[in-house]
Amino acid sequence: MDARGLTQAAFVSELNKQYLSRFHQKDVSRWLNSGNKASTGTIGFPKYETMAMIADFFGVDVGYLTGETNETSFDLEHASEYLGMSGESVSALREWIIGEDADSQMRNYRSETLNALFESPKFASVASKLLTLHEMSTLWKSNPERFNTLMESLASDSNLPDDLTFQLIIGAFYGMASESFSTLLKDAYPTPTEQATA
């Protein structure tokens, strides 16, 4: 409800309109408190048919409503688990491919675009460079003292000023990542000129 900006009253009103049901705000309050203790015992879940209706309304699986999965669907949970990526990342990829503005031909084209990128043998090289950049960025954010010590250690082997050495090191990492990414793009999406020279 929060994601859609709905109050309990607005939610039950829209639910009743869409499914021709006759629920009240007190029903919504009870649903939100399912599993909690009350003076009469534990508040139970609504009937399965009601839960299926609520899940359909929000475009989620019933398992999301009951807490069986933290993702909006079991498909998303399984995809996230299989890929080792967050649900948000998997959803972002899916949103870009499926997009509301995309017809089936455009969806196929978007999917093929990403497939060419990830299936390229050059992808692993780019990913390893991104991993290094991520590690440096994470270290810089989480432990700036250790990051500075590392940079000072690297700079001590140089005759250049520390700040210049630091800029050169960072630039080198970004340069390697950019070069690898450029190679990946040329491999995944070759032009006729690049195919002729390969």
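Read in order, the letters of the sequence shown correspond to residues -12 to 185 in our numbering. Cβ atoms here follow ideal geometry from the backbone N, Cα and C, with glycine treated the same way. These numbers come from a predicted model, not from an experiment.
With a beta-carbon spacing of about 5 Å, residue 167 and residue 113 fall inside the 8 Å limit used to define contacts.
The alpha helix (DSSP H) runs of length 4 or more contained entirely in the region 149 to 175 are, from start to end of the chain, 149 to 175. An exposed status is given to residue 105, since fewer than 16 other beta-carbon atoms sit within 10 Å of its beta-carbon. In the structure shown, residue 89 adopts coil according to DSSP, grouped into three states. In the DSSP assignment, residue 36 falls within the alpha helix (DSSP H) that extends over 35 to 45. Considering only 41, 127, 172 and 120, the residue with the shortest C-alpha distance to residue 158 is 120.
Comparing alpha carbon positions, the residue from 174, 5, 118 and 175 closest to residue 42 is 5.
For residue 100, the secondary structure class from DSSP, reduced to helix, strand or coil, is helix. Within the model, the alpha-carbon separation for residue 140 versus residue 165 is close to 25 Å.
The C-alpha of residue 59 lies about 22 Å from the C-alpha of residue 14.
The C-alpha of residue 25 lies about 10 Å from the C-alpha of residue 17.
In the structure shown, the three-state DSSP call for residue 116 is helix.
A residue is called buried when at least 16 other Cβ atoms come within 10 angstroms of its Cβ; residue 67 meets this threshold and is buried.
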